[in-house]
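I have placed the structure first, in the form of structure tokens, so that the comments after it can refer back to it.
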Amino acid sequence: MHLDLHSTSLVAALVVFAAGSTFLLETVTRRDSGAGRYWAASFLTGILTVFCYLVWAFERSLWGAVAVGNGAFAAQMGLMWLGCRVFNGRLGGLPRMLTAAASLIVFAAALLDGPEGGDWAGAPALFAAIVVLASLGAVESRRGALRRAFSAIGLTLVLSVAAAFYAGRAVVFLIVGPESALFREWFDTNATSLLTAALTVVAVVSTSVLRLQSLGAPPPTLELRPADASPRDPLPRHVFDVVLRDLVSRARDVEADVAVIAFRIEDLRALSAAFGPAVTEPIESGWRSSVRRHAPLDAAVGHLDAHTIAVSLVLPDPGEGIRVAQHVQRCLLDDLLAADDVVLPTVGVGVAVSAGATARARALVEAAREAAGRSASSPDAEVALTEL
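Here the working numbering is used: the first residue of the sequence shown is 882, the next is one more, and so on.
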């Protein structure tokens, strides 16, 4: 069965719109402010892209739709990459500028070709931008916290396939041209539309699972309601976020250094399967209160996810963050060893320090979480430091 340009464009548009809208609705419902926000923006620009291409497919006089669609397509890949960097706590200003520049260059290239460019106005610039940004996203999805998330494999696959496909498309386009039999068979708009629809579905599933892992879920006893929690429990995630944002804002006014220290317990499921729940239940019930008990009195202690506790504080000097982290880590291990028949889990400790509180609260949290993951995977689980 052969599908014409209109049919495949419509199929791709429907799939991208349905999948992207689902992710956007979840983002609004959950009030996501982390990596999911960038991924939602990526799917939104993806919807804009297919809409522009659909307009061009049905109305050839609106040649400017190609330029807008090309620029949005480049932005979509760039935002997907930025979301990966946010998940890993490595956003930074340069990647954002690179994404914006790539989108503008691709848009301008299509405008310069004008209506004479037809379907392929600005195509070389678009292909190059997609290859570069998708490759950067694929590499980032194999780093830091994403590398440890099994569901990130789907995102890596999507970005890798996109980079490889557009690299091949660019080579064939430049060497034998878009009118060649090879290009028409494997790289024309019909094939690209169907591939886009398939990759979009995989990307939405992968990023949705990753977002849930990033947001985490507090222990069931908290139910995200401070009134139901014991005063001895760490703060729920949404309360800790508010406290941290306020701390960073006030510290920035006086150029004070701020740190977030993340404590992550690993291997509890494996230990429970190997030694039984009786061994892991004392650890599960006691390690959070131990971190809270040994943290500085002026520090805020809260949940990041089901396996991670964070401590936020202002530092009198840059080295204080490491010292506090090491002290709490030693005390936590001592408390765990005091229990009967204990099997010690891996305790990863990561410190994120922002000199002058210049980094945003979200970046501090993600950097500390990523550093704790590095610490947990190191041979001796030593404290890992990230300076922002």
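C-beta: ideal position from N, C-alpha, C; glycine also. All values derive from a computational prediction rather than experimental measurement.
Query	Result
Considering only DSSP beta bridges, list what Ala1184 is partnered with.	One point to set straight first is that residue 1184 is His, not Ala, in the sequence displayed. Note: His1184 sits in a beta bridge opposite Ile1190.
Along the chain, which unbroken stretches of the alpha helix (DSSP H) at least 4 residues long are found entirely within the segment 976-1042?	1004-1021, 1025-1028
When we look at the beta-carbon of Trp1067 and count the other beta-carbons within 10 Å, is it buried (16 or more) or exposed?	exposed
Apply the 10 Å Cβ neighbour rule to Glu1251 and answer buried if 16 or more other Cβ atoms are within range, or exposed otherwise.	buried
If you draw a straight line from the alpha carbon of Ala981 to that of Pro1199, how long is it in whole angstroms?	34 Å
Can you give the Cα-Cα distance for Ile870 and Gln1210, rounded to whole angstroms?	The question about residue 870 has no answer, for the chain in this structure spans 882 to 1269.
Between Asn969 and Gly1025, how many whole angstroms is the CB-CB distance? I'm expecting something under 8 Å.	3 Å
So what does DSSP say about Phe898, is it helix, strand or coil?	helix
In its own chain, which residues sit with a C-beta less than 7 Å from the C-beta of Ala1180, not counting the 5 before and 5 after it?	Val1192, Ser1193, Leu1194
Rounded to a whole number of angstroms, what is the C-alpha to C-alpha distance between Glu1268 and Val1234?	5 Å
DSSP state of Ser1256, grouped into three classes?	helix
Looking at the structure shown, is Asp1109 part of a helix, part of a strand, or coil, going by DSSP?	Because the pLDDT at Asp1109 is just 45, under 50, the model does not fix this residue reliably, and the point stays unresolved.
Under 8 Å: do the segment 1031-1041 and the segment 1052-1069 share three or more Cβ pairs, one atom per stretch?	no
How is the alpha helix (DSSP H) around Ala921 delimited, first residue to last?	916-939
Can you tell me which of the three DSSP states Phe1121 falls into?	helix
Is the distance from the Cβ of Leu985 to the Cβ of Tyr919 below 9 Å?	no
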